[in-house]
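Shown next, in structure tokens, is the structure this report addresses.
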Amino acid sequence: MEELYEMDCTVLKRLLKEDNAKCLLLDCRSFLAFSAGHIRGAVNARCNTIVRRRAKGSVLSLDQILAGDEEVRVRLRSGMYSAAVLYDERTPDSETVKEDSTLTLVLHALCRDSSGTRIYLLKGGYDRFFTEYPEFCLKAKSLPSLTSQSSIDSACSSCGTPHNDQGGPVEILPFLYLGSALHASKKEVLDSIGISALLNVSADCPNHFEGAYQYKCIPVEDNHKEEISSWFLEAIEFIDSVRDSSGRVLVHCQAGISRSATICLAYLMKRKRVRLDEAFEFVRRRRSIISPNFSFMGQLLQFESQLLATSCAAEAAATASPLLGPKTTTTTTSTAATPTSPFIFNFPVSVVNPAYLHHSPITTSPGC
């Protein structure tokens, strides 16, 4: 493949040992795969499904594949990286890189927008590197397996503690935690994980430690009439402010199942540029009992359509920019642009199953 060199795992290991600041490591896998484990120091480069479809015949920009990493984009454009190493799951060599892969899209963006950076493919990808040098990889904390509802209820009845309060808050991102009102009422729990702020997504849960932590309240009930989406951007800005001050925020409602989970999903969709189904699975792996009510899921789907529309508009503006060269004319179908397209929106199966909605006490409980 043009302008793509190859690098063995042993060479990358040596670069990592030297802590070479002029070498950029780009993980071209999905957000879920990257979060489950990645090579130390890697940055996740990805693009959502709609952008991938519309990219045929045109080249994406660094702003699209590295939307949340402004410093990396600046360093690439100013030639501060002498090498960029790309990897996916297991591609063995440059000859087998697929034309429609994320890795190829990232390669083209780097070739166009970076300055003086030599681009390499890590032979064998993450799988081979992790097999040979696991000590240079970061793995997510062990996550509990997804347990059936009946087994959860059985365990909870035997111990007398509601399952939504068992254990502690779960880490969604290094600065973002999800939990219940009980978790938010235990100062020793909050201090043990370094919480500095709490986002209270309820109208009736008290703020127990006003003098010790920063608080923000989103006064919504868990019912089908609430417009929780009207609070999404304000909640996201609050979480960002905590992150930017090197703090950690606990998002909670009464049970940590519906309202607070909805806010965490919206944050991942906005800041990590992932679709609802991917964000849902990511959070569910960490807190298996999440279950936003049906109205909240509908509002999240609408939020997804807004984010996709914004992404596509930004893409069109970027390709038309005189700084990035002439716009490439492409033909798009109405399906790709229609918010109701089944290609764009997929409810997680566990959420749209009618039996699950009608019989689950989690989904219908007003205490979520």
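FYI, in UniProt numbering the residues of the sequence shown are 1 to 368.
Every residue gets a Cβ at the ideal spot worked out from N, C-alpha and C, and that includes glycine.
For LEU16 versus ALA84, is the C-beta spacing smaller than 8 Å?
-> Between LEU16 and ALA84, the C-beta gap is not smaller than 8 Å, which leaves the two residues out of contact.
When you compare only the Cα positions, how much space is there between GLU6 and GLY124?
-> Rounded to whole angstroms, GLU6 to GLY124 spans 10 Å at the Cα level.
Going by the beta-carbon positions, is the gap between VAL59 and ARG118 smaller than 8 Å?
-> No, Cβ-Cβ distance for VAL59 and ARG118 is not below 8 Å.
Can you check the UniProt domain "Tyrosine specific protein phosphatases" (230 to 287) for any alpha helix (DSSP H) of at least 4 residues that lies completely inside it and give the ranges in chain order?
-> For the UniProt domain "Tyrosine specific protein phosphatases" (230 to 287), whole alpha helix (DSSP H) runs of length 4 or above, ordered along the chain, are 232 to 244, 259 to 271, 276 to 286.
Cα-Cα separation, GLU210 to ASN200 = Answer to the nearest angstrom: the Cα atoms are 12 Å apart.
Between the segment 273 to 282 and the segment 241 to 256, are three or more C-beta pairs nearer than 8 Å?
-> Touching, no, given that fewer than three Cβ pairs across the two stretches are closer than 8 Å.
Which residues DSSP lists as bridging TYR120, in chain order = Bridge partners of TYR120: TYR5, VAL85.
Got a sec: does the ligand NAD put a non-hydrogen atom nearer than 7 Å to the Cβ of LYS225?
-> In the structure on display, the ligand NAD does not appear, and there are no ligands present to speak of.
Alpha carbon to alpha carbon, how far is THR310 from LYS272?
-> Each residue's Cα considered, the two are about 14 Å apart.
Sequence-distant residues of the same chain with beta carbon closer than 7 Å to ILE172, five excluded per side = The answer, listed in chain order, is LEU178, CYS264, VAL283, ARG286.
Helix, strand or coil at ALA336 according to DSSP, with G and I counted as helix = Caution applies to ALA336, whose pLDDT of 38 falls short of 50 and renders its modelled position unreliable; the value that the coordinates give is listed next. In the three-state scheme derived from DSSP, where H, G and I count as helix and E and B as strand, ALA336 is classed as helix.
Helix, strand or coil at ASP27 [DSSP, three-state] | Assigned with DSSP and collapsed to three states, ASP27 falls in strand.
Three-pair Cβ contact test at 8 Å for the segment 33 to 40 versus the segment 125 to 140 | Output reads yes: the segment 125 to 140 touches the segment 33 to 40.
In whole angstroms, what is the alpha-carbon distance linking VAL220 and ILE239?
-> Computed Cα separation, rounded: 18 Å.
Can you grab the Cα-Cα spacing for the pair GLY194 / GLY168, in whole Å?
-> Straight-line Cα distance between these residues: approximately 13 Å.
Three-state secondary structure (DSSP) at HIS208?
-> Coil.
Close Cβ partners of ILE228 (< 7 Å) along its chain, the five nearest in sequence each way excluded | Around ILE228: VAL220, ARG259, THR262, PHE296, GLN299.
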